[in-house]
Amino acid sequence: TKKGSCGVGSIQWSFGRRILLIGFYKQYITNDSEVTNNNLSLGESAMMGNELTPGSTYYNTVSSHVTNGTVEEWAEAFCDYYVKPSGWCGSGNQMSNSGSACQARRAEATKIADILEGLSNE
């Protein structure tokens, strides 16, 4: 949305975060043959782990909007305060479950939690 921004990766990091992501990519990709989906995913996972370390600004922002601790709340807070994809609830309207992306992520979080709960009961 800003002139000169170019989103990179699955979360479309831009500006300084784009450069930081490329640094994480370089930890797993040292030559052309290593440009694989697996290595790109490893770089992005490392980036997210770095940004979402408990106590970090991003972690504190996301977690401060989770009041009941449900997986649905975490999914929407992650959507509204970290990823902000097309279909998020929008600035000033966060955590309203009104955005299509927030609704989809809440639904997926419920499905995953149900699967994991079923596995833990076996």
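Numbered by this note's numbering, the letters in the sequence shown go through residues -1 to 120 in order.
Ideal placement from N, C-alpha and C gives every residue a C-beta, glycine not left out.
Asked, Found
"Three-way DSSP call (helix, strand, coil) for W11 in this model", "strand"
"Spatial distance of I27 from G5 (CA atoms)", "19 Å"
"Cα-Cα separation between M93 and S31, rounded to whole angstroms", "42 Å"
"Residue environment, L114, which counts as buried when at least 16 other CB atoms sit within 10 Å", "exposed"
"Candidates A102, M45, W72: closest to Q10 by CA position", "M45"
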